[in-house]
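In this text, residue positions in the sequence shown follow the UniProt record's numbering: the first is 1, and each later residue adds one.
Have a look at the structure below before the remarks.
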Amino acid sequence: MSHVARFIRKQTVVYTVAWNFGEARAASQSLTAAAGLPTKQSMSLHRDERRSHTEVLSTASLQFGVTYLTLSATATQLICDSGLGVFGQRLEETVLYERRYGVRSVPLVVEQCVAFIRERGLQEVGLFRQPGRASLVRELQEAFDAGERPSFDSNTDVHTVASLLKLYLRQLPEPLIPFSHYQDFLLSGQKLSSDRTQGLGELRNLLQELPVANFNLLKFLNEVQSHSKGNKMSCQNLATVFGPNILRAKAEDPESIMGGKRQLTRLRR
Numbered sequence: 001m002s003h004v005a006r007f008i009r010k011q012t013v014v015y016t017v018a019w020n021f022g023e024a025r026a027a028s029q030s031l032t033a034a035a036g037l038p039t040k041q042s043m044s045l046h047r048d049e050r051r052s053h054t055e056v057l058s059t060a061s062l063q064f065g066v067t068y069l070t071l072s073a074t075a076t077q078l079i080c081d082s083g084l085g086v087f088g089q090r091l092e093e094t095v096l097y098e099r100r101y102g103v104r105s106v107p108l109v110v111e112q113c114v115a116f117i118r119e120r121g122l123q124e125v126g127l128f129r130q131p132g133r134a135s136l137v138r139e140l141q142e143a144f145d146a147g148e149r150p151s152f153d154s155n156t157d158v159h160t161v162a163s164l165l166k167l168y169l170r171q172l173p174e175p176l177i178p179f180s181h182y183q184d185f186l187l188s189g190q191k192l193s194s195d196r197t198q199g200l201g202e203l204r205n206l207l208q209e210l211p212v213a214n215f216n217l218l219k220f221l222n223e224v225q226s227h228s229k230g231n232k233m234s235c236q237n238l239a240t241v242f243g244p245n246i247l248r249a250k251a252e253d254p255e256s257i258m259g260g261k262r263q264l265t266r267l268r269r
């Protein structure tokens, strides 16, 4: 589903909430009339009755306010749970959609995660292998999916941020190396075994053909393995964690997945 379609669906949810709230206000006005609120001429004679009607109106307004807040919360949850956010969407679509926040080469969630890991986590042992706080990962995912821009501070665990980025990559509908390039990259990996110079040349050409966001993410993973003496995330470990999210066939089967991991390890050496 395109981001334009998702935006329309989001607006529909918002309009539905607004419509329900409008009905609530109309019902509140009807309740006031039905309750027989006193006129200006009779107010001085019916103070107790006016107090009673005011209490009825206040109670009704409170009930309708709670109903509105409940509907708003429900709408937000629908947006998070129905795949209308950035998780599970195509990289290039998200980059285009987020241009309203300014031009960037990767989605906002990726940009923030990468910046945080570069600053605090490249030397962290077990980066991308040790799990973060599952509840906070879920909370951050929902925030990004709802269009918010949550920030990470000094109290944020680097493994939580790494888990968030790993979750984002795992939910991409297509690996970082697109399905259309799968066979070419496999052949390039095979060429590296027989003629490394020619294989590297072919690999460079293939990498230049990738979309910018895909290339930048691969470049960051290469940066992670360049610190493997500290974080223990070698090419082999990265291939184990991210293999299918980087390179896999469109028709998945165990043999092709394992073959992709082997070729990925060879490509990254």
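Just so you know, even glycine gets a beta-carbon here, dropped at the ideal spot from N, CA and C.
A quick note: this is a predicted structure, and the numbers were derived from the prediction, not measured.
In this structure, does DSSP put residue i in helix, strand or coil?
i, result
"G65", "Annotation note: pLDDT 43 at G65 (below 50); position unreliable, no value reported."
"G199", "helix"
"H181", "helix"
"F128", "coil"
"K232", "coil"
"F87", "coil"
"F208", "A small fix is needed here, since residue 208 is Gln in this sequence, not Phe. Q208: helix per DSSP, three-state reduction."
"G189", "helix"
"D81", "With a pLDDT of 43 at D81, under the threshold of 50, the modelled position of this residue cannot be trusted; read the value that follows with caution. Of the three classes helix, strand and coil, the one that applies to D81 here is helix, per DSSP."
"L176", "coil"
"S226", "coil"
Over the uninterrupted alpha helix (DSSP H) stretch that includes residue i, give me the two end residues.
i, result
"T240", "235-246"
"T160", "158-170"
"K250", "From DSSP, K250 is part of no alpha helix (DSSP H); its letter is neither H nor E."
"D145", "134-145"
"Y101", "No alpha helix (DSSP H) contains Y101, which DSSP labels as neither H nor E."
"R149", "Taken as a continuous stretch (DSSP letters only), R149 belongs to no alpha helix (DSSP H), as it is neither H nor E."
"L108", "108-120"
Return the residue from the list the options that minimises the CA-CA distance to residue i.
i, options, result
"F87", "L221, G147, F185, N155", "G147"
"F152", "V137, L192, S234, F116", "F116"
"L167", "F128, S188, H181, A251", "F128"
"L217", "S193, L172, V137", "L172"
"V161", "P178, R100, S135, S226", "S135"
"Q89", "A251, V106, L200, G121", "V106"
"S234", "E98, R100, R120, E124", "E124"
"N219", "R118, E98, R99", "Here residue 219 turns out to be Lys, not Asn, going by the sequence shown. Among R118, E98, R99, the Cα nearest to that of K219 is on R118."
Would residue i pass as a contact of residue j if the rule is Cβ separation under 8 Å?
i, j, result
"C113", "L165", "yes"
"P131", "S163", "yes"
"L169", "F215", "no"
"N222", "L176", "no"
"K229", "G126", "no"
"V224", "L206", "no"
"V95", "A251", "no"
"L108", "R149", "yes"
"E202", "S188", "yes"
"Q198", "K191", "yes"
Does residue i have its Cβ less than 8 Å from a Cβ in chain C?
i, result
"L165", "In the structure shown, chain C does not exist; there is a single protein chain."
Please determine if the region 104-112 and the region 137-156 are in contact, where contact requires at least 3 C-beta pairs separated by less than 8 Å. Short answer: they touch.
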